[in-house]
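Q: Chains as they are written, first to last, in my numbering: chain X, 1 to 226; chain V, 227 to 452. We treat Cβ as the ideally placed atom computed from N, Cα and C, and that holds for glycine.
There are 2 protein chains.
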Amino acid sequence: MKYNCLIVDDEKLLADSTAEYFNLFGVSTTVVYGADECRSFFKDNTAELILLDINLEDGSGFDLCRKLRQTTNIPILFISARTSDDDKIVALNIGGDDYVQKPYSLGVLLAKVKAVLKRFGKACDAGYSDGYLTVDFAAKQAYVGGNLIKLTALEYKLLSYLIENKGKVVSKKELFERVWEDKFTGDGTLNVHIRRLREAIEKNPNNPEYILTVWGDGYKFAGGNQ
Amino acid sequence: MKYNCLIVDDEKLLADSTAEYFNLFGVSTTVVYGADECRSFFKDNTAELILLDINLEDGSGFDLCRKLRQTTNIPILFISARTSDDDKIVALNIGGDDYVQKPYSLGVLLAKVKAVLKRFGKACDAGYSDGYLTVDFAAKQAYVGGNLIKLTALEYKLLSYLIENKGKVVSKKELFERVWEDKFTGDGTLNVHIRRLREAIEKNPNNPEYILTVWGDGYKFAGGNQ
DNA sequence: TTTTTTTGTGATAAAATCGTAATAGAATAT
DNA sequence: ATATTCTATTACGATTTTATCACAAAAAAA
Numbered sequence: 001m002k003y004n005c006l007i008v009d010d011e012k013l014l015a016d017s018t019a020e021y022f023n024l025f026g027v028s029t030t031v032v033y034g035a036d037e038c039r040s041f042f043k044d045n046t047a048e049l050i051l052l053d054i055n056l057e058d059g060s061g062f063d064l065c066r067k068l069r070q071t072t073n074i075p076i077l078f079i080s081a082r083t084s085d086d087d088k089i090v091a092l093n094i095g096g097d098d099y100v101q102k103p104y105s106l107g108v109l110l111a112k113v114k115a116v117l118k119r120f121g122k123a124c125d126a127g128y129s130d131g132y133l134t135v136d137f138a139a140k141q142a143y144v145g146g147n148l149i150k151l152t153a154l155e156y157k158l159l160s161y162l163i164e165n166k167g168k169v170v171s172k173k174e175l176f177e178r179v180w181e182d183k184f185t186g187d188g189t190l191n192v193h194i195r196r197l198r199e200a201i202e203k204n205p206n207n208p209e210y211i212l213t214v215w216g217d218g219y220k221f222a223g224g225n226q
Numbered sequence: 227m228k229y230n231c232l233i234v235d236d237e238k239l240l241a242d243s244t245a246e247y248f249n250l251f252g253v254s255t256t257v258v259y260g261a262d263e264c265r266s267f268f269k270d271n272t273a274e275l276i277l278l279d280i281n282l283e284d285g286s287g288f289d290l291c292r293k294l295r296q297t298t299n300i301p302i303l304f305i306s307a308r309t310s311d312d313d314k315i316v317a318l319n320i321g322g323d324d325y326v327q328k329p330y331s332l333g334v335l336l337a338k339v340k341a342v343l344k345r346f347g348k349a350c351d352a353g354y355s356d357g358y359l360t361v362d363f364a365a366k367q368a369y370v371g372g373n374l375i376k377l378t379a380l381e382y383k384l385l386s387y388l389i390e391n392k393g394k395v396v397s398k399k400e401l402f403e404r405v406w407e408d409k410f411t412g413d414g415t416l417n418v419h420i421r422r423l424r425e426a427i428e429k430n431p432n433n434p435e436y437i438l439t440v441w442g443d444g445y446k447f448a449g450g451n452q
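What follows is the structure, given as structure tokens:
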């Protein structure tokens, strides 16, 4: 299941009423009441935006944010009763997108959330699809000509990273950082995996349409166009 | 010229000190003191982020935002002494990315600006475009007369460096430092690559409009003018 | 453990790029 | 006007980068 917005806050009353308000005004929202719950939520679900309280009974929102940032890039808006500037600065420095002071106005918060969702709507999309190739980010599956194809974990990761940067050149360096998680094993490795991916998804791997090589730099996913 | 951040505010003292603070901490910032000034700024310059006051002596920040949003997608952060929730909601609804209450903490504002620049940094260094030549920094691609042209990694690097310094003379020494990463291979090399670039982007390579030779010094990218 | 799958390595081939050298042409200085 | 210095142009070979293949190592599954 997919939610637009996830609220992580142990002040149940406030969190629930916020979610209710959001749902009423078209932002589908779910609530979890702690850090642990949040982690397990993300095992089976995704969200496009997180409202994260700093003071959670079972852990710090900051720590949770740092952990989330290792795997996801979705907007995180901190909410807290803390008023200190230092907290706000820390929140923004560790990858938070905004800091909202409690008590907040539901109307303002909703407007803010909508603005952020609007901004990131494109970046957080569900995958890629043209008539021929389909990649479903939620299911982590790819289809070619309507048929499910088999990709290894690494191949899928490589493909999805390229698709996330559709139209942009992704350098080999960046690929090793993001797909191989900084384990640089040599350009040969990359060559081979690119070839395997091409064999899996290209109509003609010798004349690729999707995964183009950018000489002296890296590779680029070109959906349909160039 | 390119600035990271543009402050639009008629409270000169506050705006100037904010800019000073930002510049000190690595966010290159310039200030204009009204809506008209802002509009003329964007005729010759670009920014990656705007801090926009709502109450300007020569117009409303809201109107300015609506106008800007017709042509640009760069982040706009409103700053204002107004406390009403309605103002905040309007600000966010018309395409503002955030609303910062005056008086603000410089540290928090800087952190916020840096966070936004980090998010949008990549997307907003669009590149260069006139009717004829277009250079897309994100895709690392160039178009001439609407058609994608093929550039080698080095050629692209050379072109983008010249464009980053549009209007300024870039010495051969500097080019070897920045494009060739300090590997000086002789002026002949540079000649050849300049020629190849000209053949790729100039209407008439023998009478270049874009990449001009500056005798005894280096080269200069002249976008249309000069 | 054994089998299977996935990932990485090294050798070789192929392709594209880059630098060099030689020559011609401009601009500047004497 | 001439010499000098700097830039433009051209073609070609050396170098660098990528592709491909077969196989080995590692990891995961049975």
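Run down chain X in chain order and give the residues with a C-beta less than 8 Å from the C-beta of asparagine 417 of chain V.
A: Residues of chain X passing the Cβ test: none, with the nearest at roughly 20 Å.
Q: Which whole-angstrom value is the C-beta distance of isoleucine 276 of chain V and serine 306 of chain V, which I expect to be below 8 Å?
A: That belief does not hold up - the Cβ atoms of isoleucine 276 of chain V and serine 306 of chain V are roughly 14 Å apart, past 8 Å.
Q: Does the region 83 to 92 of chain X come close enough to the region 104 to 114 of chain X to have 3 or more Cβ pairs within less than 8 Å?
A: no
Q: Over what stretch of residues does the alpha helix (DSSP H) that includes threonine 71 of chain X continue unbroken?
A: 61 to 71
Q: Report the three-state DSSP secondary structure of threonine 18 of chain X (helix, strand or coil).
A: If DSSP states are grouped into helix, strand and coil, threonine 18 of chain X belongs with the helices.
Q: So if DSSP puts leucine 388 of chain V in a beta bridge, which residue, or which two residues, is it bridged to?
A: Answer is none; leucine 388 of chain V lacks a bridge partner.
Q: In this structure, how does DSSP classify glutamate 400 of chain V when only helix, strand and coil are distinguished?
A: helix
Q: Compute the distance between the beta-carbons of glutamate 381 of chain V and leucine 423 of chain V, then report whether it is under 7 Å.
A: Going by C-beta atoms, glutamate 381 of chain V is nearer than 7 Å to leucine 423 of chain V.
Q: Beta-carbon separation of leucine 246 of chain X and histidine 193 of chain X under 7 Å?
A: No statement about residue 246 of chain X is possible, as the shown extent of chain X runs from 1 to 226 and does not include it.
Q: Among all the DSSP beta bridges, which residues are the ones paired with leucine 277 of chain V?
A: DSSP, once it has assigned bridges, lists V/Ile233, V/Leu303 as partnering leucine 277 of chain V.
Q: Tell me which residues of the region 204 to 226 of chain X have at least one Cβ-Cβ distance to chain V shorter than 8 Å, keeping chain order.
A: Within the region 204 to 226 of chain X, the residues whose Cβ lies closer than 8 Å to some Cβ of chain V are Val214, Trp215, Gly216, Asp217, Lys220, Gln226, listed in chain order.
Q: Tell me whether asparagine 417 of chain V sits in a helix, a strand or coil according to DSSP, three-state version.
A: helix
Q: Residues of chain X with CB closer than 7 Å to the CB of glycine 353 of chain V, please, in chain order.
A: The contacting residues do not exist; glycine 353 of chain V stays about 12 Å from chain X at best.
Q: Output the residue ranges of the alpha helix (DSSP H) runs that lie fully inside the region 91 to 117 of chain X and measure 4 residues or longer, sorted by chain position.
A: Fully enclosed alpha helix (DSSP H) runs of 4 or longer: not present.
Q: So is proline 103 of chain X buried or exposed if we call it buried at 16+ other beta carbons inside 10 Å?
A: That one is exposed.
Q: Does the Cβ-Cβ distance between leucine 343 of chain V and phenylalanine 304 of chain V come in under 7 Å?
A: Note that the C-beta distance between leucine 343 of chain V and phenylalanine 304 of chain V is not below 7 Å.
Q: Using a Cβ distance threshold of 8 Å, determine whether the region 40 to 49 of chain X contacts the region 13 to 23 of chain X, with at least three qualifying pairs required.
A: no
Q: Could you please tell me which residues of the region 313 to 326 of chain V, in chain order, have their CB closer than 9 Å to any CB of chain X?
A: Lys314, Ile315, Val316, Ala317, Leu318, Asn319, Gly321, Gly322, Asp323, Asp324, Tyr325
Q: Pick out whichever of X/Lys12, X/Val144, X/Gly167 has its Cα sitting closest to the Cα of leucine 133 of chain X.
A: X/Val144
Q: Using 7 Å as the limit for Cβ to Cβ distance, is lysine 409 of chain V near chain X?
A: no
Q: Between cysteine 124 of chain X and chain V, is any beta-carbon pair separated by less than 7 Å?
A: For cysteine 124 of chain X, the pLDDT reaches just 47, beneath the cut-off of 50, and the residue's location in the model is therefore unreliable, although a value from the coordinates is still provided. Chain V, which has no Cβ nearer than 7 Å to the Cβ of cysteine 124 of chain X, makes this no.
Q: Quick one: residues in its chain with C-beta nearer than 7 Å to the C-beta of cysteine 38 of chain X, no 5 flanking neighbours on either side, listed in chain order?
A: Val8, Val32, Leu64
Q: May I ask which residues mark the beginning and end of the alpha helix (DSSP H) holding serine 40 of chain X?
A: That run of the alpha helix (DSSP H) goes 35 to 44.
Q: If you run the structure through DSSP and keep just helix, strand and coil, what is alanine 123 of chain X?
A: Because the pLDDT at alanine 123 of chain X is just 47, under 50, the model does not fix this residue reliably, and the point stays unresolved.
Q: Please determine, among V/Phe447, V/Lys340, V/Ile427, the residue with the shortest C-alpha to C-alpha distance to serine 254 of chain V.
A: Comparing Cα positions, the closest option is V/Lys340.
Q: With distances taken from CA atoms, which of V/Asn319, V/Leu377, V/Lys409 is nearest isoleucine 427 of chain V?
A: When only C-alpha atoms are compared, the closest one is V/Leu377.
Q: Should phenylalanine 62 of chain X go down as buried or exposed, given a rule of 16 or more other Cβ atoms within 10 Å for buried?
A: buried
Q: Note down, in chain order, each residue of its chain lying with its Cβ closer than 8 Å to the Cβ of lysine 203 of chain X, except the 5 sequence neighbours on either side.
A: In the same chain as lysine 203 of chain X, and ignoring 5 residues on each side of it, the C-beta atoms closer than 8 Å to its own belong to Tyr132, Glu209, in chain order.
Q: Kindly say whether glycine 372 of chain V, judged by its beta-carbon, lies nearer than 7 Å to any beta-carbon of chain X.
A: no
Q: Which one of X/Asn4, X/Arg178, X/Thr30 has the shortest CA to CA distance from leucine 14 of chain X?
A: X/Thr30
Q: Which value, in whole angstroms, describes the spacing of the CA atoms of aspartate 236 of chain V and arginine 69 of chain X?
A: 38 Å
Q: Leaving out the 5 sequence neighbours to the left and right, which residues in its chain are closer than 8 Å to valine 405 of chain V when beta-carbon positions are compared?
A: Leu380, Lys383, Leu384, Tyr387
Q: For a contact meaning CB atoms closer than 8 Å, what does arginine 265 of chain V contact in chain X?
A: In chain order: nothing, as chain X lies at least about 24 Å away.
Q: Under a CB-based cut-off of 7 Å, is lysine 293 of chain V close to chain X?
A: With a threshold of 7 Å between beta carbons, lysine 293 of chain V makes no contact with chain X.
Q: Which residues in the same chain as glutamine 141 of chain X place their Cβ atom closer than 7 Å to its Cβ, once the five residues preceding and following it in sequence are excluded?
A: Leu148
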